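The sequence shown runs contiguously to residue 453 in numbering that gives the first Met the number 0.
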Amino acid sequence: MKVFHNALHQDFANYPQFGVLRGVKVFVTATNIAGPFAGSLMAEMGAQVLRAEAPNIPCSTRGTTACAQLHRNEYSITLNTATKRGQELFKKAIAWADIWIEAGRPGNYQKRGLSDEVCWQVNPKLAIVHVSGYGQFGPYKDKASYDVSGQAMGGYMYMNGTSPTSGPLKVNPFLSDYVTAYNACICGLAGHIHALRWGEGDSADVAQYDNMFRLLDLYPSVWFNKGYPGEGQPVPERTGNKHDMSACFSFYDTKDGNAMFVGMVGVGPTMRGFPLIGLPAPGEDKCIPGTDLKVPAGSTGFPNFDPVGIAAEHALEKFCAEHTADELEELFEANGIPCQRAYTPADIEKDPQYEARENIVEWEDQVFGPMKGIGITNRFTKNPSDIVAAAPLFGEHNREVFASWGVSDEEIDDMYAKGEIATWTAADTARNKRLKEWGYFWDPERQCERIGLK
C-alpha cells in the first residue's frame, strides 16, 4: 500500500506543479457530490482547485471520510454572493479561474446579477459548467433533487429490480451524482479547450437525469419503437443478477456460496467454454445432452429465450454450483473466459491487483489523521497524478486567497467580524459535525486528542 506524505496545509501561492492539468485553475461553488467531485478529479491531475461554500451553510459532507477522500489537493474559501463584498470576491475568483463549476438552483446566480454574460465580461475565456438535477430550463428546472432523483427520473431505477414483477431499485452509492460529476469534468475541460483554441468561453448545462438517461444503452430505442410494459405489467429488464437478454452472461452461485460473473459469449469463450460445461462446441456434430439441439458453427452466444441459450444457461448454472469460486476462476481464466467473483471489502484489501495498482492508499487528513482509502484513478505515464495535500478545512484559505487578490487584512478581519466569511479548525469540524458522537472516528480517544477536542 502506498503512503502519501502529503501536506496538511497547502499554501495557495505555492501549489505544486504536477500532472497533465498543471496550470489549469478551477473554481467550484457546489456542495455534496455531483459538482464538487468534478473538481476533485481535476485536482488529482494537477489542476489548482478552489472551492467556495457559504459561510453559514457548509457542505453536508464536511467532516465525513468522504470529504477527506474526495477533496484532497483542494483549497477552501467561504463567501456569500448575496452581499456586495461577496459578489466582489466572486468576480475576483471568476477572473482567476479557467473553469467555474456551480450547482445551485437554476437562475440563482443570474438573480444576483452574476449571469454567464456578466462572468464573461470579467473573464471572456471562462468555461462554465452548471450542474443541477433537472437542467437550467424546462418545467422541472426548479425542483430540488438528490442522487436518487436522477436515477428515478432518468429511467435507471426502472431498469433495475430483483425480478420482472418486483419494484424498481436504486443503485448505491450515489451513482447519479458520480456519473454527473464525471460528465461535468468532461464539459469543463471541453469548454476550456475551446477557449484555448478559439478565445471564447462557453457554458454547459449538465443535468443529473440527463446523464442517467444517456446511460440506458439500447433500451430507449427498443421502448419507443417496439413498445414497453403498461402500468402494473411485468418489466422484463428487472432480472436482478441475471442478464435480461443474453444466456451465459450473468452472475452464478458457486459451491462455496459466492456470486461469480461469467461471460461465456463471443467466438473464443463459446468455442472453449461450452465443452467445459458439458456442451458440444459450436459446429461440432453432436447434440446437447438430453436434446436434439446442436450448436451452430460460428456461434458467439444466444438470447436467453433461444432453446440452445436456455440449455446453455442451465448447464452453466449447474457447473458453477458444483465448483468453488477459486476452481471456477482458475478454470475459466485458463481458457480465456471472462469471469469475476463479487468482491467483498476483505477481497479488495488483500487482492494483488489492487496492491499493484495502488488502489488503496494512506494519507494524512487534518481531521481524522492517518487514514486509508481510495487512491488515484487516472494514471499518466509522463505527468502522473498525485496527492499533495489533505482536504482543506472549511474556509481554511480565506485569508491567503483574498490577500492574493488584493484584499487588505483589515477588510478580511471585518468580514470575519460580520459573519461574511468563516473558518473551522479540525476541532470545530469534529464538534459541529458530531464526529465522536455519531461514530465517525474509529479511534476516538486518539483522534480527539490529536485535534485538541475535549
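The beta carbon of each residue, even a glycine, is placed where N, CA and C say it ideally should be.
A quick note: this is a predicted structure, and the numbers were derived from the prediction, not measured.
For residue i, which residues in the same chain have their Cβ closer than 8 Å to its Cβ, ignoring the five residues on either side in sequence?
| i | result |
| --- | --- |
| F17 | G45, N382, P383, S384, D385 and V387 |
| E436 | none |
| I359 | M0, I347, E348, Y353, K371, G372, I373 and G374 |
| P54 | T77, L78, N79, G394, G418, E419, I420 and A421 |
| F173 | I32 and D146 |
| G85 | L78, N79 and E419 |
| D350 | Y342 |
| N377 | L40, E43, M44 and S384 |
| F440 | F367, A429, L434, Q446 and C447 |
| P306 | T290 and L292 |
| P279 | F273, K285, C286, I287, K293 and V294 |
Using a Cβ-Cβ cutoff of less than 6 Å, which residues in the same chain neighbour residue i once the five nearest sequence positions on both sides are dropped?
| i | result |
| --- | --- |
| G229 | none |
| F401 | I411 |
| S175 | D146, G149, Q150, Q207 and M211 |
| E52 | C58 and T77 |
| G22 | none |
| P15 | V387 |
| D364 | A67, M370 and A389 |
| L168 | N159 and G160 |
| W404 | K91 |
| N257 | A324 and R340 |
| Q9 | A388 |
Taking only the alpha-carbon atoms, compute the straight-line gap between residue i and residue j and give it to the nearest angstrom.
| i | j | result |
| --- | --- | --- |
| G418 | A151 | 39 Å |
| G134 | H191 | 21 Å |
| A425 | P369 | 14 Å |
| R71 | C447 | 21 Å |
| D209 | V178 | 10 Å |
| W362 | L392 | 16 Å |
| V128 | C186 | 7 Å |
| G335 | F248 | 14 Å |
| P138 | P105 | 12 Å |
| A310 | M244 | 15 Å |
| V19 | F379 | 8 Å |
| E357 | R61 | 26 Å |
| C286 | T323 | 28 Å |
| L315 | E236 | 21 Å |
| A42 | D442 | 29 Å |
| K225 | P219 | 10 Å |
| V406 | K83 | 14 Å |
| A94 | E116 | 13 Å |
| D291 | G297 | 19 Å |
| A143 | A180 | 17 Å |
| I56 | N431 | 12 Å |
| A284 | V170 | Note on residue identity: the sequence assigns Asp, not Ala, to residue 284. Each residue's alpha carbon lies about 45 Å from the other. |
| K317 | G166 | 29 Å |
| A333 | V2 | 34 Å |
| F223 | A81 | 45 Å |
| R111 | D408 | 26 Å |
Ignore the nearest five residues each way along the sequence and tell me which others in residue i's own chain have a CB closer than 7 Å to its CB.
| i | result |
| --- | --- |
| G38 | V25, V27, V48, R50, E73 and I100 |
| T299 | V264, G265, V266 and T269 |
| F11 | Y74, H396, E399, V400 and S403 |
| F331 | V261 and C338 |
| L7 | E363, Q365 and A389 |
Could you check how far apart the C-beta atoms of residue i and residue j are, in whole angstroms? I think they sit under 8 Å.
| i | j | result |
| --- | --- | --- |
| T30 | S59 | 7 Å |
| L215 | G154 | 6 Å |
| C319 | M259 | 6 Å |
| P281 | V294 | 5 Å |
| A183 | G34 | 6 Å |
| F136 | L113 | At roughly 18 Å, the Cβ-Cβ gap does not stay under 8 Å, so F136 and L113 are not in contact. |
| A454 | S131 | Beyond the ends of the chain as shown, which are 0 and 453, falls residue 454; an answer cannot be given. |
| V234 | Y108 | At roughly 40 Å, the Cβ-Cβ gap does not stay under 8 Å, so V234 and Y108 are not in contact. |
Can a CB atom of chain C be found closer than 8 Å to the CB of residue i?
| i | result |
| --- | --- |
| L327 | The chain labelled as chain C is not found in the depicted structure, where only one protein chain is given. |
Q. Which runs of the alpha helix (DSSP H), 4 residues or longer, sit entirely within the region 59-137?
A. 64-69, 83-95, 107-110 and 115-121
* Asked: Considering only residues of the region 147-229, which uninterrupted beta strand (DSSP E) runs meet the minimum length of 3 residues and lie entirely inside it, listed in chain order?
  -> 202-206
Notebook entry, point to check: Three or more C-beta pairs closer than 8 Å, one from the region 118-135 and one from the region 187-204: is that the case here?
Noted result: Contact annotation: the region 118-135 touches the region 187-204, with at least three C-beta pairs closer than 8 Å.
Practice item. Please specify which runs of the beta strand (DSSP E), each continuous and at least 3 residues long, are wholly inside the region 367-416, giving them in chain order. Key: 368-373
| task | May I ask you to verify whether the region 266-282 touches the region 339-346, counting CB pairs closer than 8 Å and requiring at least 3? | result | no
Can at least three beta-carbon pairs, one atom from the region 323-340 and one from the region 241-259, be found at a separation below 8 Å?
-> yes
Decide yes or no for the touch test of the region 160-173 against the region 229-244: beta carbon pairs closer than 8 Å, at least 3 of them. yes
query = What are the start and end residues of each continuous beta strand (DSSP E) run of 3 or more residues lying completely inside the region 217-297, in chain order?
reply = 248-252 and 258-262
List in chain order: all unbroken beta strand (DSSP E) runs of 3+ residues lying wholly within the region 12-66.
24-28 and 47-52, all fully within the region 12-66.
List in chain order: all unbroken beta strand (DSSP E) runs of 3+ residues lying wholly within the region 323-356. 338-340
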